[in-house]
Amino acid sequence: MRLIILLLLFLSLGGAKVREHTLENGVKLILKETKGRGIVSGVIFVRSGTHGEEKRGLTNLTANLLTKGTKSYDSYRIASTFEDYGGSIYSSVSDDYLEIGFSTKVEGLREALVVIKSVLTEPLFAPEDLERERKNLLQAVRSRRERGQELATDALRRLTYRGSNYEVLPIGTEEGLKSIDRQDVIKRWERILRGENVVVSLVGDFRTEEVLPSLREVFLSVPAGRYELRPKEVKMEQSRLERVKRPGSQATVLCAFDAPPVHGEEFFAFKVLDALLGDGMTSRLFKELREKKGYAYAVYSTYPTRLTSPRLIAYIGTSPEKREEALRDMVELVKSAPVEPEEVELAKNKVVGDFLLARQTRLRQAWYLGFFEVMGLGWRTDQEYADRVRAVSYQQVRSLREKYLKIHHCVVVEP
Amino acid sequence: MVTLATAGELKTYKLPNGAKLVVNRREDTEAVALHVWFRVGSVYEDYHQKGMAHFLEHMLFNGSEKYPYGQMDYIVESLGGNLNAGTSKEYTFYHVTIARPYWRQALEVLYQLTQKPLLLPEMVEKEKPIVIEELRRGKDNPTTLLWEEFEKLFYKVSPYRDPIIGYEETIQKFTREELLKFYHSFYQPKNMFLVVVGQVEPEEVYREVMQTFGREVGKSLPRVDIPPEPEALENRSKTIRDRRVEKAYWLIGWRAPAIGTKEYYALALLDQILGSGRTSLFYRELREKGLVYGVSTGDLGRPRDNLFFISATLEENRLKEVKEKTFQLLSSLKETLTEEELQKAKSRLINSEAFSLERVEREAFYIGYSLAVVGTLDYYRYFESNVKSVRREDVLRVLDSYVLNRPYAELFMVPER
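Respectively, the protein sequence lines represent chains U and Y. Start counting the first sequence at 1; every next residue gets the next number (our numbering). Start counting the second sequence at 1001; every next residue gets the next number (our numbering).
Below is the structure:
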């Protein structure tokens, strides 16, 4: 069948212009005006994540406590500032950054920013909150054993990222969480909250000149300077397989494969290769392992964007009696399924389509703009994304196929 | 053509064959959501059909008259869109989200998918292991098991007690003939609701729909008796032990007003006050006081035998204390609920819609649900004014007549040590 050439290039998201401002302390503001029902979303990224974290789980616990009370606002007031307008506020940590995200109505933005300033500059980190959140997180760490996929994720991280901060999820370890005291939290926040590490993106139905003065006022309160991340690269050297026991009705197979770094020319072509292999109902993994072999209901691959130690991750959940064949066939397909020109075109369209559909909400738009910036790819990557995917050639994908996906690290969780 | 009503950009059409079409034209987005809903789900099945509505949903992806197996996925994905479907206890829906220029191709795919499926016997056999893998995948997750067991405890007669996906024994026995019969009964214009949300011209959509779905013949629908759940006379309590879980799960539920009834809006506010967000009563008094790891409340949005629940995760040795505290918070609401708190709950509930409707597929879902499950678009259309008209005494009356001193069912899932 002939492929329909996508017109998606001509579609921008509302055609809105993005503007960038760098404050004197290094904080980068990225602003995008939209038209709509008077709502606004923002994300404050702090480049940090679990890099340099000695007690595992410290950054995540710190993030958890940020919205639980400040010198001026208690937990209820922080939440109600956003929830009263139908919005919300959250904080979380990924491997490479901490984020505080929020949504509110435009008329509530000024008030929201005052609270955010307080969250950033005068968090309480109250001992009783610390104890409660620690207990909750310890339980959450233990609860990861309840689900096969989570157990597999943890085991695969230990196997494939050994010796780097990625070895453990940001939620941390029981040992790490138990050893954290209030001083650790205070120090961690002081260390990472540095102007040059902070990226703020705001997307909403506002006028930039009306919000800029309060944004400056709030984010100039962040101390200047830089928290240096020293990402440790873990190379994949030889294939490995690990088995983990867990009672249940399914086996989970999760594998990591060698992949190109995200900060290079190969990033977009590899995104296309990943989509070809494991995104959607037309992907290789879906067609072969689910439709032809009937191994599974769910099978897919992803190519997570991380600062270092790039991997392609592939997943299949199958019945225990099919696990060996499913493992063998999945590894085989990822490593050596042939790549056809038409598949590459289809995969490109999927990547562009997913990109557009993932940016329907202001919160997601703000998130992606800030994400590319905080990851060192620059927020313009978001604007160029569709073009750069479309520019990927069959030859590029083929040569990546030759170059990467040679080594696997696999985990099988089985009853 | 009969135009039923217009509310802002909302256009409603009734097709001559009985199908309904709702188009919501929106200027603020490049994405278009196209939904096709059928009023059929697992409660429409008889005992040996358990799992058939869901199985049929899978089967529809296995080839149509115009598009052979695999081609419908190919068309949608090659246009950068998403094609998917879902089956619940009351409805089944098929949906595409796609960039604006391609809504026509998506509509054609949805037409072929839902109205011209081949349902080939070899495909029935191909699909069985996939669906059974899906079933086992569900069972592998303790939370799925918790809910399955809970509904089995809560509903003694109603088919709500059976899981949507059915049972391995029933699925293995499905044949093409049975599937065809089920298909022809429910997948026809009189049972069909089409929803399109995005930057589209309603009249153009209507014309396009008339060329596709409009050509099908509407037949009378089979009478399906869904046995109502008799009033429970006493509390039911059950504990299950599971080797996989690390903490205790508590799930408690009461019979609740059906979605779309006047009392339902008071229930929605009660739910907002008790368990929605970090400003809610249970979050403050249970989660922030360190009694539970997590707590939530909700209802299942059912048009009959609806259920309101409270769910919490906690340490096993805290179960008694947490239950007592929960009941105490519920019964003291009569004294503690202020007018101001109610007003805040209203604005939270109403305003949060503005955020959830940013995604076209969310709005299409909301409209589809109103038509196919609630049975009237008024649910979607007048939600805001219905919520606004709720008074403090309405909330307290719902609390009193459905929750306090009413029989409940509760399930504990605790670690097996």
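Positions of the beta carbon are idealized from the N, C-alpha and C atoms, including for glycine. The structure displayed is predicted, hence computed values, not measured ones.
Problem - Option nearest U:E343 by Cα separation, candidates U:K335, U:D274, U:R388 and U:F355 - result: The residue among U:K335, U:D274, U:R388 and U:F355 with its C-alpha nearest the C-alpha of U:E343 is U:D274.
Exercise for the section: With a 10 Å radius around its C-beta and 16 neighbouring C-beta atoms as the bar for buried, classify Y:H1054 as buried or exposed. Expected result: By the Cβ neighbour-count rule, Y:H1054 is buried, with 16 or more other Cβ atoms within 10 Å of its own.
Problem - Where U:T282 meets chain Y, residues with beta-carbon distance less than 7 Å - result: Here the neighbours are D1073, Y1074 and E1077.
Problem - Short CB-CB distance (under 8 Å) between U:R240 and chain Y - result: Output row for U:R240: interface = no.
Exercise for the section: Give the single residue among Y:P1016, Y:Y1111, Y:E1030 and Y:Y1069 whose Cα lies nearest to the Cα of Y:F1038. Expected result: Ranked by Cα distance from Y:F1038, the options Y:P1016, Y:Y1111, Y:E1030 and Y:Y1069 are led by Y:Y1111.
Exercise for the section: Can you check DSSP and say which residues form a bridge with U:I89? Expected result: U:F102, per the DSSP bridge assignment.
Problem - Three-state secondary structure assigned by DSSP to Y:W1254 - result: Note: Y:W1254 maps to strand in three-state DSSP.
Practice task
Alpha carbon to alpha carbon, how far is Y:F1061 from Y:E1127? Give it in angstroms, no decimals.
Solution key: Between Y:E1127 and Y:F1061, the C-alpha separation is close to 10 Å.
Practice task
Just the C-alpha distance for U:Q395 and Y:D1073, rounded to the nearest angstrom, thanks.
Solution key: U:Q395 and Y:D1073: Cα-Cα distance of roughly 25 Å.
Exercise for the section: Within the same chain, show all residues whose beta-carbon is closer than 6 Å to that of Y:E1065, passing over the 5 residues directly before and after it, in chain order. Expected result: If we look at Y:E1065 and ignore the five residues flanking it on each side, its Cβ neighbours are K1116.
Problem - Alpha-carbon to alpha-carbon, U:I192 and U:L202 - result: Within the model, the alpha-carbon separation for U:L202 versus U:I192 is close to 21 Å.
Practice task
Check the Cβ-Cβ distances between U:G176 and every residue of chain Y, and say whether any is below 8 Å.
Solution key: Using beta-carbon distances, U:G176 does not count as an interface residue toward chain Y, since no partner is under 8 Å.
Handout entry: Assigned secondary structure, Y:A1409 (DSSP; H/G/I helix, E/B strand, else coil)
Key = Taken through DSSP and simplified to helix, strand or coil, Y:A1409 comes out as strand.
Problem - Any chain U beta carbon closer than 8 Å to Y:T1097 - result: Taking CB atoms only, Y:T1097 has a neighbour in chain U less than 8 Å away.
Problem - Sequence-distant residues of its chain with Cβ nearer than 6 Å to U:C410 (five each side left out) - result: Cβ within range, chain order: L241 and C255.
Practice task
Would you mind stating whether U:G49 and U:S94 have Cβ atoms separated by less than 8 Å?
Solution key: At the C-beta level, U:G49 and U:S94 come within 8 Å of one another.
Problem - Buried or exposed by the 16-neighbour rule on C-beta atoms within 10 Å, applied to Y:V1157 - result: So Y:V1157 counts as exposed.
Exercise for the section: Report the neighbours of Y:I1164 on chain U: residues whose CB is nearer than 7 Å to its CB, in chain order. Expected result: The contacting residues do not exist; Y:I1164 stays about 14 Å from chain U at best.
Exercise for the section: Note down the Cα distance separating Y:F1193 from Y:V1360, rounded to an integer number of angstroms. Expected result: If I take the Cα positions, the gap works out to 17 Å.
Practice task
Would you mind sorting Y:A1007 into buried or exposed? The rule is 16 or more other CB atoms within 10 Å of its CB.
Solution key: For Y:A1007, the predicted model reports a pLDDT of 36, less than 50, meaning its position is unreliable and no value from the coordinates is stated.
Exercise for the section: Go to Y:K1238, then tell me how far its beta strand (DSSP E) extends in each direction, as first and last residue. Expected result: For Y:K1238, the enclosing beta strand (DSSP E) has its first and last residue at R1236 to D1242.
Practice task
Evaluate Y:G1041 with the Cβ neighbour count: other Cβ atoms within 10 Å of its Cβ, from every protein chain shown; 16 or more gives buried, anything less gives exposed.
Solution key: Classification for Y:G1041: buried.
Exercise for the section: Report the rounded CA-to-CA distance for Y:D1400 versus Y:L1146, giving the unit in angstroms. Expected result: In a straight line, the C-alpha of Y:D1400 is about 27 Å away from that of Y:L1146.
Problem - Short Cβ contact (8 Å threshold) for U:L356 with Y:A1345 - result: No. Outside cutoff.
Handout entry: First through last residue of the beta strand (DSSP E) which encompasses U:K28
Key = It spans K28 to E33 - the beta strand (DSSP E) in which U:K28 sits, taken as one unbroken run.
Exercise for the section: Give me the Cβ distance between U:R290 and Y:I1130, rounded to the nearest whole Å; I'm assuming they're in contact under 8 Å. Expected result: Contact holds; Cβ gap of about 6 Å.
Handout entry: Rounded straight-line distance, which links the Cα of U:G87 to that of U:V114
Key = For U:V114 and U:G87, the gap between their C-alpha atoms comes out near 16 Å.
Exercise for the section: Specify the secondary structure class of U:A251 as computed by DSSP and reduced to three states. Expected result: Here DSSP, grouped into helix, strand and coil, assigns U:A251 to strand.
Practice task
Taking only the alpha-carbon atoms, compute the straight-line gap between U:L98 and U:P310 and give it to the nearest angstrom.
Solution key: Taking C-alpha positions only, U:L98 is separated from U:P310 by approximately 20 Å.
Practice task
Kindly identify the DSSP beta-bridge partner or partners of Y:L1083.
Solution key: Y:V1096, per the DSSP bridge assignment.
Exercise for the section: Report the rounded CA-to-CA distance for Y:V1196 versus Y:V1036, giving the unit in angstroms. Expected result: Approximately 9 Å, taken between the alpha carbons.
Handout entry: Given Y:E1316 as reference, the closest of U:E24, U:Q139, U:K32 and U:L29 once Cα atoms are compared
Key = Comparing alpha-carbon positions, the option among U:E24, U:Q139, U:K32 and U:L29 lying closest to Y:E1316 turns out to be U:Q139.
Problem - Straight-line gap, U:E111 to U:S41 (C-alpha atoms, nearest Å) - result: Between U:E111 and U:S41, the C-alpha separation is close to 14 Å.
Exercise for the section: Taking only the alpha-carbon atoms, compute the straight-line gap between Y:L1333 and Y:L1274 and give it to the nearest angstrom. Expected result: Straight across, the Cα-Cα distance linking Y:L1333 with Y:L1274 is about 10 Å.
Problem - C-beta neighbour in chain Y for U:G248, strict 8 Å - result: The Cβ of U:G248 sits closer than 8 Å to at least one Cβ of chain Y.
Exercise for the section: Rounded to whole angstroms, what's the CA-CA distance from U:S214 to U:T121? Just pull it up for me. Expected result: Note on geometry: alpha-carbon atoms of U:S214 and U:T121 lie some 15 Å from one another.
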